[in-house]
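Have a look at the structure below before the remarks.
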Amino acid sequence: MIEKRLPTWREMNMDTSPEAEAVLFALWRETPGWRKLEMAAQLNKMARQLALAGLKRRHPDASPEELRRRLADLLLGPELAEKAYGPLQSD
Numbered sequence: 000m001i002e003k004r005l006p007t008w009r010e011m012n013m014d015t016s017p018e019a020e021a022v023l024f025a026l027w028r029e030t031p032g033w034r035k036l037e038m039a040a041q042l043n044k045m046a047r048q049l050a051l052a053g054l055k056r057r058h059p060d061a062s063p064e065e066l067r068r069r070l071a072d073l074l075l076g077p078e079l080a081e082k083a084y085g086p087l088q089s090d
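Position 71 of the sequence shown, counting from 1, maps to 70 under numbering that gives the first Met the number 0, and the rest follow consecutively.
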């Protein structure tokens with residue numbers, strides 16, 4: 000059996016020098032908590048927008064309500080989305 004493992008930080012950032020990485024970490028430590036939360040919210044918003052764009056492309060005839068419901072499937076998982084919003088009405 001092949002053991003799967005996640006790559007280390009170093010393996011994921013082989014194109015970043017240790018000096019540059021030290022600067023990035025220092026800047027991150029100096030960033031106020033409110034700004035980190037703001038950045039996380041922006042990333043979350045962009046991820047939702049990208050997911051919705053992908054859904055629109057895969058389901059061009061879907062109503063806005065169906066697209067929102069499909070987005071809930073992606074974000075919450077189909078089982079929880081169905082409990083929260085009811086079954087997916089499509090086709």
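Glycine included, C-beta positions come from ideal geometry on N, C-alpha and C.
The structure presented is a predicted model; accordingly, all values stated were derived computationally and were not measured.
Residue nearest to residue i in terms of C-alpha spacing, selected from the options
i: Ala50; options: Lys82, Met38, Leu75; result: Leu75
i: Glu64; options: Thr7, Glu18, Leu26, Tyr84; result: Tyr84
Test item: CB-CB of residue i and residue j under 8 Å
i: Ala71; j: Ala80; result: yes
i: Leu87; j: Arg56; result: no
i: Leu36; j: Leu54; result: no
i: Glu12; j: Glu2; result: First, the residue type needs correcting, since residue 12 is Asn and not Glu in the sequence shown. In this structure, Glu2 does not lie closer than 8 Å to Asn12 by Cβ.
Any non-hydrogen atom of the ligand ZN within 7 Å of residue i CB
i: Trp33; result: Ligands displayed in this structure: none; no statement on the ligand ZN is therefore possible.
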